[in-house]
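> Heads up, the sequence shown is in the working numbering, so the first residue is 7 and it goes up one at a time. Idealized CB from N, CA, C, for every residue including glycine. None of these values were measured; they are calculated from a predicted model. Input: one structure, supplied below.
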Amino acid sequence: EIGQAKAIMDALQHLATSPKYVDGSRTLRDVVDALEATLLGTDRPVGVQGLDSISRDCPCPFHAMPRRFELAAAINRLRTAKFTLSKAASGRPAKVARSAV
Numbered sequence: 007e008i009g010q011a012k013a014i015m016d017a018l019q020h021l022a023t024s025p026k027y028v029d030g031s032r033t034l035r036d037v038v039d040a041l042e043a044t045l046l047g048t049d050r051p052v053g054v055q056g057l058d059s060i061s062r063d064c065p066c067p068f069h070a071m072p073r074r075f076e077l078a079a080a081i082n083r084l085r086t087a088k089f090t091l092s093k094a095a096s097g098r099p100a101k102v103a104r105s106a107v
């Protein structure tokens, strides 16, 4: 769906411009969890919650909420993303390192 693809594109741009998500110490799962919490935007005023929070200059009424695995898949497909393997034996996913986009 076009609205979902646009939302994923805006979410990736939002991740690239905000160091609160990708700082080299979070796992991919943590990044997706934080982004999903922002997208859900509970208890936030209209205009800064949900899909409006990832739009650059103005809210886009044509976005559709992406699923978490689609966000993770899009991050995984980024050529500029750098992943490092965690040495912890806890079975957690690889850590995401910030890279220039």
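1. What is the DSSP secondary structure of residue 48, reduced to helix, strand or coil?
2. When the Cα of residue 47 is compared with those of 60, 36 and 37, which residue comes out closest?
3. Does residue 44 pass the burial test, meaning 16 or more other C-beta atoms within 10 Å, or should it be called exposed?
4. For residue 38, which of helix, strand or coil comes out of DSSP?
If we stick to the structure as given:
1. What you label residue 48 is simply residue 42 of the sequence shown in a count that begins at 1. Collapsing the DSSP output to three states places residue 48 in coil.
2. Within the sequence shown, numbered from 1, the residue matching residue 47 stands at position 41. Ranking 60, 36 and 37 by Cα distance to residue 47 puts 60 first.
3. If you number the sequence shown from 1, residue 44 lands on position 38. Label assigned to residue 44: buried.
4. Position 32 of the sequence shown, counting from 1, holds the residue named residue 38. The DSSP-derived three-state label of residue 38 is helix.
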